[in-house]
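As structure tokens, the structure follows; a few thoughts come after it.
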Amino acid sequence: MPHISLPEGLPGITSGFAFRPETAKPMRELAHTLLHGPSTLTPGERELIATYVSSQNDCYFCQTSHGAAAAAHLGEKAALVEQVKRDFLHSGVSEKLKALLVIAGQVQQGGKSVSAEAVEKARLQGATDLEIHDTVLIAAAFCMYNRYVDGLDTWQPRDPGMYSSMGEQLAAHGYLQPSISAPVLETAK
Amino acid sequence: MPHIQLPEGLPGIRGAMAFRPETAKPLNDLVEILLHRPNSLTPGERELIATYVSSENDCYYCQTIHGAIAAASLGDDESVVKQVKQDFEAAEISEKLKALLVIAGQVQRGGKQVTAEAIARARKQGATDIEIHDTVLIAAAFCMFNRYVDGLATTQPRDEEMYRERGKRVARDGYVTVSKEYLPAEAAV
Numbered sequence: 001m002p003h004i005s006l007p008e009g010l011p012g013i014t015s016g017f018a019f020r021p022e023t024a025k026p027m028r029e030l031a032h033t034l035l036h037g038p039s040t041l042t043p044g045e046r047e048l049i050a051t052y053v054s055s056q057n058d059c060y061f062c063q064t065s066h067g068a069a070a071a072a073h074l075g076e077k078a079a080l081v082e083q084v085k086r087d088f089l090h091s092g093v094s095e096k097l098k099a100l101l102v103i104a105g106q107v108q109q110g111g112k113s114v115s116a117e118a119v120e121k122a123r124l125q126g127a128t129d130l131e132i133h134d135t136v137l138i139a140a141a142f143c144m145y146n147r148y149v150d151g152l153d154t155w156q157p158r159d160p161g162m163y164s165s166m167g168e169q170l171a172a173h174g175y176l177q178p179s180i181s182a183p184v185l186e187t188a189k
Numbered sequence: 190m191p192h193i194q195l196p197e198g199l200p201g202i203r204g205a206m207a208f209r210p211e212t213a214k215p216l217n218d219l220v221e222i223l224l225h226r227p228n229s230l231t232p233g234e235r236e237l238i239a240t241y242v243s244s245e246n247d248c249y250y251c252q253t254i255h256g257a258i259a260a261a262s263l264g265d266d267e268s269v270v271k272q273v274k275q276d277f278e279a280a281e282i283s284e285k286l287k288a289l290l291v292i293a294g295q296v297q298r299g300g301k302q303v304t305a306e307a308i309a310r311a312r313k314q315g316a317t318d319i320e321i322h323d324t325v326l327i328a329a330a331f332c333m334f335n336r337y338v339d340g341l342a343t344t345q346p347r348d349e350e351m352y353r354e355r356g357k358r359v360a361r362d363g364y365v366t367v368s369k370e371y372l373p374a375e376a377a378v
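Sequence order for the protein chains is A and B. Counting with my numbering, you get residues 1 to 189 for the letters of the first sequence. Counting with my numbering, you get residues 190 to 378 for the letters of the second sequence.
Below, the structure written as structure tokens:
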């Protein structure tokens, strides 16, 4: 049971967004710019960063929905999602993305944990200032989204089908509009 | 030295926002709604929540500027800001705000740390669902802002007068208006 009276049948962050549309708007815009807007990092790479941080924060809804969005972007390389969550240093992602994931993991632990060595390593792999900035902000933003979703104790169904269709929707259209337009069937609870 | 090349002369989050105006806009919109716009919690109370979370996250820039905005919103009362950071249960604030600060502290440690007991205590002191929602989101958002500011190793001058002066201005004019000083016109709309 959520800690406050959230609209029923809306999973995870979608219930917080429906409860408070005023704050939903900038939160959607931020996610859209960071994960879906123009960038030299692919949407798949950025969703992997979001998924990894959400997994480190142990947020089921966020790691599953963003994992599904990453999988939708990655297509036949969708297996990378599970690899990154388990042990990204031994996953099939690029050396540059590995270096950025190190930075993201440091941000998740705390802003002061980001080391000059990790930033240097990312730069050696070709990461630009903008890519490092966005990695830090994606990781920081998911420390917000994850706490929002779990801090309200939102409903987080264990229904793989719901997440994969959310992932398809997010990968295709981004974050400005709700990825779930109608309440999910009560029976799914 | 910041981890990436940020515009000079803009301390803390301002340098990061000027570096990336596309993300600065939703970040300013979010903080404006959460902390500045009229709400059943006063701006001073909300700034105290932001200050407390930033202090728990050990972010010098954020706790000092939001402490200054809180003081300016509370009739230049800097002592209550200090009390809240040191031991809010013993501070001269309402029982309701103390109960909300307990929730904020739990969110700071992690979304899953929020307890039904803490929510029940806040409700007993008259907190509404939207006040609890906003407390969770303010705390979550500052887990982002603090990580953003420290994760980029932004410059954070030890100059209390600078924060005090700026705090008065933000308390009076709000975040979006003040951001026009350092953001390109199209991003500050």
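Idealized CB from N, CA, C, for every residue including glycine. From a predicted model like this one, the values you see are computed outputs, not experimental measurements.
If you draw a straight line from the C-alpha of tyrosine 52 of chain A to the C-alpha of glycine 67 of chain A, how long is it? The count along the first sequence starts at 1 and reaches residue 52 of chain A at position 52. The count along the first sequence starts at 1 and reaches residue 67 of chain A at position 67. Each residue's alpha carbon lies about 8 Å from the other.
Below 9 Å on C-beta distance, what does glycine 299 of chain B contact in chain A? The residue labelled residue 299 of chain B in the question sits at position 110 within the second sequence. Per Cβ cutoff of 9 Å: Asn57, Asp58, Asn146, Arg147, Asp150 and Gly151.
Quick one, which of B:Ala261, B:Val242, B:Gly256 and B:Val338 has its alpha-carbon nearest alanine 140 of chain A's? For the purposes of this step, residue 140 of chain A is taken as residue 140 along the first sequence, with counting starting at 1. The candidate whose alpha carbon is nearest that of alanine 140 of chain A is B:Val338.
Kindly list the residues whose CB is nearer than 7 Å to the CB of arginine 203 of chain B, restricted to its own chain and excluding five residues on each side of it in sequence; keep chain order. Stepping through the second sequence from its first residue, residue 203 of chain B is reached at position 14. Cβ neighbours of arginine 203 of chain B within its own chain (closer than 7 Å, five residues either side excluded): Tyr371.
In angstroms with no decimal places, state the Cα-to-Cα distance between alanine 18 of chain A and leucine 124 of chain A. Looking up residue 18 of chain A in the first sequence gives position 18. Looking up residue 124 of chain A in the first sequence gives position 124. Annotation: alanine 18 of chain A to leucine 124 of chain A spans about 43 Å, alpha carbon to alpha carbon.
CB contact check: alanine 188 of chain A to chain B, cutoff 8 Å: The residue you call residue 188 of chain A lines up with position 188 of the first sequence. Note that alanine 188 of chain A scores a pLDDT of 45, beneath 50, so its modelled location is shaky and nothing firm can be said.
Classify arginine 312 of chain B as helix, strand or coil using the three-state DSSP reduction. Translated into the one-based positions of the second sequence, residue 312 of chain B becomes position 123. Note: arginine 312 of chain B maps to helix in three-state DSSP.
Using a threshold of 8 Å, state whether the C-beta atoms of serine 94 of chain A and glutamine 83 of chain A are closer than that. For this step, residue 94 of chain A is matched to residue 94 along the first sequence. For this step, residue 83 of chain A is matched to residue 83 along the first sequence. Cβ atoms of serine 94 of chain A and glutamine 83 of chain A: not closer than 8 Å.
Using a C-beta to C-beta distance shorter than 7 Å, which residues of chain B count as neighbours of isoleucine 132 of chain A? Working through the first sequence from its first residue, we reach residue 132 of chain A at position 132. Here the neighbours are His192 and Ile193.
Might you give, ordered along the chain, the residues of its own chain that have their beta carbon closer than 7 Å to the beta carbon of cysteine 248 of chain B, omitting 5 neighbours on each side? Translated into the one-based positions of the second sequence, residue 248 of chain B becomes position 59. Closer than 7 Å at Cβ, skipping near neighbours: Asn335, Val338 and Asp339.
Pick helix, strand or coil for asparagine 262 of chain A, following the three-state DSSP scheme. Outside the shown range of chain A, which is 1 to 189, sits residue 262 of chain A, and nothing can be said about it.
Tell me, please, whether the CB atom of phenylalanine 19 of chain A is closer than 8 Å to any CB atom in chain B? The residue labelled residue 19 of chain A in the question sits at position 19 within the first sequence. At least one chain B Cβ lies under 8 Å of phenylalanine 19 of chain A.
Taking the C-alpha atoms as reference points, what is the distance between glycine 198 of chain B and valine 291 of chain B? To locate residue 198 of chain B, count along the second sequence from 1; it is residue 9. To locate residue 291 of chain B, count along the second sequence from 1; it is residue 102. Computed Cα separation, rounded: 36 Å.
Considering Cα atoms alone, identify which of B:Gln272, B:Ile321 and B:Arg355 is closest to tyrosine 148 of chain A. Within the first sequence, numbered from 1, the residue matching residue 148 of chain A stands at position 148. When C-alpha distances from tyrosine 148 of chain A are compared across B:Gln272, B:Ile321 and B:Arg355, the shortest belongs to B:Ile321.
Segments assigned beta strand (DSSP E), at least 3 residues, entirely inside the stretch 193-224 of chain B: Qualifying beta strand (DSSP E) stretches: none in this window.
Going by CA-CA distance only, name the one from A:Ser181, A:His173 and A:Pro183 that's closest to threonine 33 of chain A. The sequence position of residue 33 of chain A within the first sequence is 33, counting from 1. When only C-alpha atoms are compared, the closest one is A:His173.
Kindly indicate which residue of B:Tyr241, B:Gly264 and B:Leu263 has the alpha-carbon position closest to the one of threonine 253 of chain B. As a position in the second sequence, residue 253 of chain B is number 64, starting the count at 1. Of B:Tyr241, B:Gly264 and B:Leu263, the smallest CA-CA separation from threonine 253 of chain B is found for B:Tyr241.
Mapping the DSSP letters down to three states, classify threonine 14 of chain A as helix, strand or coil. Mapped onto the first sequence, residue 14 of chain A falls at position 14. Residue state, collapsed to three classes: helix.
Cα-Cα separation, glutamate 349 of chain B to threonine 135 of chain A: Numbered from 1 along the second sequence, position 160 holds the residue referred to as residue 349 of chain B. Numbered from 1 along the first sequence, position 135 holds the residue referred to as residue 135 of chain A. Distance between the alpha carbons of glutamate 349 of chain B and threonine 135 of chain A: 31 Å.
Can you look up arginine 235 of chain B in the DSSP assignment and give me helix, strand or coil? Within the second sequence, the letter at position 46 stands for residue 235 of chain B. Here arginine 235 of chain B sits in helix by DSSP.
Chain-ordered residues of the stretch 327-348 of chain B with a beta carbon less than 9 Å from chain A: Taking 9 Å as the Cβ-Cβ cut-off against chain A, the residues of the stretch 327-348 of chain B that qualify are Ala328, Ala329, Ala330, Phe331, Cys332, Met333, Phe334, Asn335, Arg336, Tyr337, Val338, Asp339, Gly340, Leu341 and Ala342.
Kindly list the residues whose CB is nearer than 6 Å to the CB of leucine 230 of chain B, restricted to its own chain and excluding five residues on each side of it in sequence; keep chain order. Within the second sequence, numbered from 1, the residue matching residue 230 of chain B stands at position 41. For leucine 230 of chain B, the CB contacts under 6 Å within the same chain, skipping 5 residues up- and downstream, are Glu320 in chain order.
Alpha carbon of leucine 219 of chain B to alpha carbon of valine 107 of chain A, nearest angstrom: In the second sequence, counting from the first residue as 1, residue 219 of chain B sits at position 30. In the first sequence, counting from the first residue as 1, residue 107 of chain A sits at position 107. Distance from the CA of leucine 219 of chain B to the CA of valine 107 of chain A, rounded to the nearest whole angstrom, comes to 21 Å.
Just verifying my parser: in three-state terms, what is the DSSP assignment at arginine 28 of chain A? One-based indexing of the first sequence puts residue 28 of chain A at position 28. When DSSP states are grouped into helix, strand and coil, arginine 28 of chain A belongs to the helix group.
For chain A, find out if any of its Cβ atoms is closer than 8 Å to the Cβ of leucine 289 of chain B; answer yes or no. Stepping through the second sequence from its first residue, residue 289 of chain B is reached at position 100. Any Cβ of chain A closer than 8 Å to the Cβ of leucine 289 of chain B would place that residue at the interface, and such an atom is absent.
Test item: CB-CB of glutamine 295 of chain B and alanine 307 of chain B under 8 Å: In the second sequence, the residue the question calls residue 295 of chain B occupies position 106. In the second sequence, the residue the question calls residue 307 of chain B occupies position 118. Yes; because the gap between Cβ atoms is below 8 Å, this pair is in contact.
Indicate the three-state DSSP secondary structure (helix, strand or coil) for cysteine 59 of chain A in the structure shown. Residue 59 of chain A sits at position 59 when you count from the first residue of the first sequence. Cysteine 59 of chain A falls in the coil class under three-state DSSP.
Whole-angstrom C-beta distance between isoleucine 238 of chain B and alanine 311 of chain B, which should lie under 8 Å: As a first step, residue 311 of chain B is located in the second sequence; it is residue number 122 there, counting from the start. As a first step, residue 238 of chain B is located in the second sequence; it is residue number 49 there, counting from the start. Contact between alanine 311 of chain B and isoleucine 238 of chain B is ruled out by a C-beta separation of about 12 Å, above the 8 Å threshold.
Test item: CB-CB of threonine 14 of chain A and proline 178 of chain A under 8 Å: Numbered from its first residue, the first sequence carries residue 14 of chain A at position 14. Numbered from its first residue, the first sequence carries residue 178 of chain A at position 178. Here threonine 14 of chain A is near proline 178 of chain A, since their CB atoms are less than 8 Å apart.
Alpha carbon to alpha carbon, how far is aspartate 150 of chain A from tyrosine 352 of chain B? Locating residue 150 of chain A in the first sequence gives position 150, where the first residue counts as 1. Locating residue 352 of chain B in the second sequence gives position 163, where the first residue counts as 1. Going by the C-alpha atoms only, they are around 33 Å apart.
Using the beta-carbon of each residue, which ones in chain A are nearer than 7 Å to arginine 361 of chain B? Mapped onto the second sequence, residue 361 of chain B falls at position 172. Ordered by position in chain A, no residue passes the 7 Å Cβ test against arginine 361 of chain B, which lies about 22 Å from the chain.
Could you tell me if lysine 313 of chain B is buried or exposed, where buried requires 16 or more neighbouring beta carbons within 10 angstroms of its beta carbon? Walking along the second sequence from the start, residue 313 of chain B turns up at place 124. Classification for lysine 313 of chain B: exposed.
Say whether chain B places a C-beta atom closer than 8 Å to the C-beta of leucine 170 of chain A. One-based indexing of the first sequence puts residue 170 of chain A at position 170. Among the CB atoms of chain B, none fall inside 8 Å of the CB of leucine 170 of chain A.
Could you confirm whether any beta carbon from chain B is found closer than 8 Å to the beta carbon of proline 209 of chain A? The question about residue 209 of chain A has no answer, for chain A in this structure spans 1 to 189.
If I measure Cβ to Cβ from asparagine 57 of chain A and keep anything under 6 Å in the same chain, skipping five residues before and after, which residues do I get? Looking up residue 57 of chain A in the first sequence gives position 57. Taken in chain order, the residues that qualify are Asn146.
How about lysine 112 of chain A: is its C-beta nearer than 8 Å to some C-beta of chain B? By one-based count along the first sequence, residue 112 of chain A stands at place 112. It does: the Cβ of lysine 112 of chain A has a partner Cβ on chain B nearer than 8 Å.
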